[in-house]
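Taking it in order: structure first as structure tokens, then the write-up.
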Amino acid sequence: MFTKAQELLASYFGYSSFRRGQDETIKNVLDGKDTVCIMPTGGGKSICYQIPALVFEGTTLVISPLISLMKDQVDTLVQNGISATYINSSISIAEANQRIQLAKQGHYKLLYVAPERLDSMEFVDQLIDMKIPMIAIDEAHCISQWGHDFRPSYLHIHRILDYLPEKPLVLALTATATPQVRDDICNTLEINQENTIMTTFERENLSFSVIKGQDRNAYLADYIRQNQKESGIIYAATRKVVDQLYEDLMKAGVSVSKYHAGMSDSDRNEQQELFLRDEVSVMVATSAFGMGIDKSNIRYVIHYQLPKNMESYYQEAGRAGRDGLDSTCILLYSSQDVQVQRFLIDQSTGESRFSNELEKLQNMTDYCHTEQCLQSFILQYFGEEPKEDCGRCGNCTDNRESIDVTRESQMVLSCMIRTNQRFGKQMIAQVLTGSKNKKVIEFNFHTLPTYGLLSNRSVKEVSEFIEFLISDELIAVEHGTYPTLKVTEKGKEVLLGKENVLRKERVETRQIVQDHPLFEVLREVRKEIAQGEGVPPFVIFSDQTLKDMCVKMPQSDSELLTVKGIGEHKLVKYGSHFLQAVQHFIEENPNYAETIKTEVVSERKKSGKASANSHLETYEMYKQGIDLNEIAKERNLSRQTIENHLIRCYEDGMEVEWQSFVPAEYESLIETAVQSAEGGLKSIKEQLPNEVSYFMIRAYLQIRK
């Protein structure tokens, strides 16, 4: 029968072979085994029941909660010459009855129905006269009370299985199921767990990243502007935020649609069609959008706010790149979103599921703070052990140095112990920062040895650091009316000094002396603008703003907005002048960009010494005669970063033997290029072979002096 299945795949669908997981699932079904199929979005789950439906005699019943998917799949099947139909709330009772009669006569190979139909015994009675060889249950995670989208109607599937004269085969399919949910599906449907077929959850064409500490609106506007020809979805948690984003993007000239449950059916359908037909490139929506949408060319999915759980996030993010091409999934994190989701859980969740939903929210928060591979984090959540890091997510491509934060970690853990592990992160952060909050004083926490140990930090910074420790499994969260923090066994090892804690460093803004070459360039730009407007230069931008611009090297509007002293108005008025100046400087001095342009995230160090002295550590190793490649390997840094450390040390007055970095065979070539070049380093480099690096050129120029 499998040979026939392969022939049907080629003749009806035009594929020469099955994808990974499809063949095993179809073989199982054709062998008469009830089966659970777990396959990521875009993996081709529908083929797993459509092909057997063509092999079997009779009408396969497909239970799906996705009205839009029913229509899309039926339309596609009919176009492929396969008789299929659906029954849901979008058609009249008369039309539904007519389709049921045709199904009884064997007119259809597949009949799609919504799970709510199973609530009606009248409908179930109609199925007795049909020949139903198989029931395919799509979105099978809805059957589990532990799933992220539990639907009571799914529990009535047994009504069919017990009621029909001949028990049909059962094929349950889902894209998102934790081990607990998988067990629930098997137990509820009485499927042997050995007949669970699961491909990897990994989507090799998706790159995940979490953006923290940035102006979300500015980031979003800049990202869409850079990808204006691509289709993308922006998810927000509430209708209000969707409406606001939609208005903002419309005003910015973006071709955009919106979708949420507060709109009428006709409005939602109209907006959805515009997006599906590529008449608009961006869809702003709540989680109500996307279920069953088969649009394959979505290049990016941005979550403007934190989703409530990992299942929802992975399902929504998975709508990117269904065609297999590289696509991007970005989560814009803000700590206030956790409170929004907690409120939504409070409002919509029954007592029996409340604790479970809070735990899922905590897992989602951990994802935003972890420093491990993001794809690996997701796979582990779904019970799959990754073979290796993905190498493409935001964390894998982050080349910042790791710093030792063991001491700060011990302060947090000690404070938790001294407050009897009865409080949440807000109270712990207040005690550590030396807050005079009423509750802190009432509990006499101001007398604790840990009070004020992190007084150089803000409560927000310490709270974010605690989130990092939670994601690193040093702290566990117990959910109840109020979440409380507990020190884990791993945390105790740190507290006792048996284990160290490392974290990607947050680079402090290094003060730039006024004779920094970019600073002088920016001063000239500022002076010209000021003269044109008849105002003093400091009215345009302060020196502090120019110095911060030297550190951050902004190359887009959103990056320019992160510079101190630049708001929306000045961005519009002066931004282009300064961006052009920075871009020109980078072209002339490419090594500066690598040295200075580092993402500012997460943890700020107490003293700043490790960050400030990183180049000195490199210099010490260099003076010991260690090769630069070995230094880079030992310090887990790029060769270019090590080279830039030496340049900085030389500029600070330390001795560097430049001759050792310029092979003799290249000296005359470089000299010729220097003499004929009309510009800076870039014009010199353009005249030389690829193996001559910018660092080699700079070394030669130092020798030449």
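The sequence shown begins at 11 in my numbering and counts up one residue at a time. By construction, the Cβ of each residue, glycine as well, lies at the ideal position given by its N, Cα and C atoms.
Own chain residues within Cβ distance below 7 angstroms of residue i, not counting five before or after
{"i": "Glu-369", "result": "His-489"}
{"i": "Leu-335", "result": "Asn-215"}
{"i": "Glu-381", "result": "Asn-405, Arg-513, Lys-514"}
{"i": "Ile-539", "result": "Ile-550, Tyr-584, His-587"}
{"i": "Gln-315", "result": "Ala-246, Ala-247, Val-251, Asp-347, Val-350"}
{"i": "Met-664", "result": "Tyr-629"}
{"i": "Leu-112", "result": "Tyr-118"}
{"i": "Leu-571", "result": "Asp-225, Ala-228, Leu-581"}
{"i": "Ile-707", "result": "Ile-680, Leu-691, Ile-694, Lys-695"}
Buried/exposed call for residue i, threshold 16 Cβ in 10 Å
{"i": "Thr-407", "result": "exposed"}
{"i": "Asp-172", "result": "exposed"}
{"i": "Arg-30", "result": "exposed"}
{"i": "Met-374", "result": "buried"}
{"i": "Gly-54", "result": "buried"}
{"i": "Val-220", "result": "buried"}
{"i": "Gln-32", "result": "buried"}
{"i": "Arg-432", "result": "exposed"}
{"i": "Tyr-323", "result": "buried"}
{"i": "Thr-682", "result": "exposed"}
{"i": "Asp-376", "result": "buried"}
{"i": "Lys-496", "result": "exposed"}
{"i": "Met-11", "result": "exposed"}
{"i": "Arg-467", "result": "buried"}
{"i": "Leu-506", "result": "exposed"}
Close Cβ partners of residue i (< 6 angstroms) along its chain, the five nearest in sequence each way excluded
{"i": "Glu-477", "result": "His-379"}
{"i": "Ile-145", "result": "Leu-71, Pro-178, Val-180"}
{"i": "Ser-306", "result": "Arg-332, Asp-333"}
Pairwise C-alpha distance: residue j and residue i
{"i": "Ser-93", "j": "Ser-56", "result": "15 angstroms"}
{"i": "Ala-591", "j": "Val-531", "result": "7 angstroms"}
{"i": "Lys-695", "j": "Glu-471", "result": "43 angstroms"}
{"i": "Leu-71", "j": "Asn-409", "result": "52 angstroms"}
{"i": "Glu-126", "j": "Tyr-164", "result": "8 angstroms"}
{"i": "Ile-153", "j": "His-168", "result": "11 angstroms"}
{"i": "Asn-654", "j": "Val-441", "result": "41 angstroms"}
{"i": "Val-684", "j": "Gly-52", "result": "54 angstroms"}
{"i": "Asp-148", "j": "Glu-212", "result": "20 angstroms"}
{"i": "Phe-353", "j": "Pro-459", "result": "35 angstroms"}
{"i": "Gln-372", "j": "Ser-473", "result": "14 angstroms"}
{"i": "Gln-2", "j": "Tyr-122", "result": "In the structure as shown, the chain starts at 11 and stops at 715, and residue 2 therefore has no counterpart that could be examined."}
{"i": "Ala-620", "j": "Met-421", "result": "For Ala-620, the predicted structure reports a pLDDT of 33, less than 50, and the residue's modelled location is therefore unreliable. The matter cannot be settled from this model."}
{"i": "Leu-76", "j": "Ala-231", "result": "31 angstroms"}
{"i": "Val-65", "j": "Lys-14", "result": "7 angstroms"}
{"i": "Gln-190", "j": "Gln-634", "result": "56 angstroms"}
{"i": "Gly-263", "j": "Tyr-710", "result": "50 angstroms"}
{"i": "Ala-106", "j": "Glu-569", "result": "56 angstroms"}
{"i": "Leu-99", "j": "Ser-566", "result": "The sequence given here places Ser at residue 99; Leu does not occur at that position. Cα-Cα distance, rounded: 48 angstroms."}
{"i": "Tyr-343", "j": "Tyr-256", "result": "19 angstroms"}
{"i": "Leu-698", "j": "Val-266", "result": "47 angstroms"}
{"i": "Met-426", "j": "Gly-542", "result": "59 angstroms"}
{"i": "Thr-651", "j": "Thr-416", "result": "25 angstroms"}
{"i": "Asp-436", "j": "Val-469", "result": "One point to set straight first is that residue 436 is Gln, not Asp, in the sequence displayed. Roughly 7 angstroms separates the two Cα atoms."}
{"i": "Leu-463", "j": "Val-450", "result": "14 angstroms"}
{"i": "Phe-28", "j": "Lys-37", "result": "11 angstroms"}
{"i": "Tyr-461", "j": "Ser-424", "result": "11 angstroms"}
{"i": "Tyr-632", "j": "Ala-642", "result": "11 angstroms"}
Residues of its chain near residue i, where Cβ-Cβ distance is below 8 angstroms and the 5 sequence neighbours each way are ignored
{"i": "Ala-20", "result": "Ser-26"}
{"i": "Thr-555", "result": "Val-573, Lys-574, Gly-575, Ile-576"}
{"i": "Arg-249", "result": "His-270, Ala-271, Gly-272, Thr-296"}
{"i": "Pro-396", "result": "Glu-212, Cys-383, Gln-385, Ser-386, Leu-389, Gln-390"}
{"i": "Ile-713", "result": "Trp-668, Gln-669, Val-672"}
{"i": "Val-39", "result": "Thr-45, Cys-58, Tyr-59, Pro-62, Met-144, Leu-179, Leu-181"}
(message) Within 8 angstroms, do at least three Cβ pairs link the stretch 275-290 to the stretch 322-331?
(response) No: the two stretches stay apart, fewer than three of their Cβ pairs being nearer than 8 angstroms.
(request) Quick one: which unbroken alpha helix (DSSP H) runs of 4-plus residues sit fully inside the stretch 74-145? Chain order, please. (result) With a minimum length of 4 residues, the continuous alpha helix (DSSP H) runs that stay inside the stretch 74-145 are 77-89, 103-114, 131-137.
(message) Extract the residue ranges of the alpha helix (DSSP H) inside the stretch 11-41, only unbroken runs of 4 or more that lie entirely within it.
(response) Listed in chain order, they are 12-18, 32-40.
(request) Run through the stretch 345-395 for me and flag every whole alpha helix (DSSP H) of 4 or more residues, listed as ranges in chain order. (result) The qualifying runs are 346-358, 361-379, 384-391.
(request) Output the residue ranges of the beta strand (DSSP E) runs that lie fully inside the stretch 462-534 and measure 3 residues or longer, sorted by chain position. (result) 485-488, 494-497, 512-514, all fully within the stretch 462-534.
(request) Output the residue ranges of the alpha helix (DSSP H) runs that lie fully inside the stretch 549-601 and measure 4 residues or longer, sorted by chain position. (result) Listed in chain order, they are 553-562, 567-570, 578-598.
(request) Output the residue ranges of the alpha helix (DSSP H) runs that lie fully inside the stretch 285-332 and measure 4 residues or longer, sorted by chain position. (result) The stretch 285-332 contains these whole alpha helix (DSSP H) runs: 320-327.
(message) If we require 4 or more residues per run, which alpha helix (DSSP H) segments fall completely within the stretch 626-664?
(response) Unbroken alpha helix (DSSP H) runs of no fewer than 4 residues, entirely contained in the stretch 626-664, are found at 638-645, 649-661, following chain order.
(message) My parser needs the beta strand (DSSP E) runs of 3 or more residues fully inside the stretch 399-447; what are they?
(response) Whole beta strand (DSSP E) segments, 3+ residues: 412-414.
(request) Only counting runs of 3 or more residues, tell me where the beta strand (DSSP E) segments fall wholly within the stretch 163-231, in order along the chain. (result) Scanning the stretch 163-231 from its first residue to its last, the whole beta strand (DSSP E) runs of 3-plus residues come out as 179-184, 206-208, 216-222.
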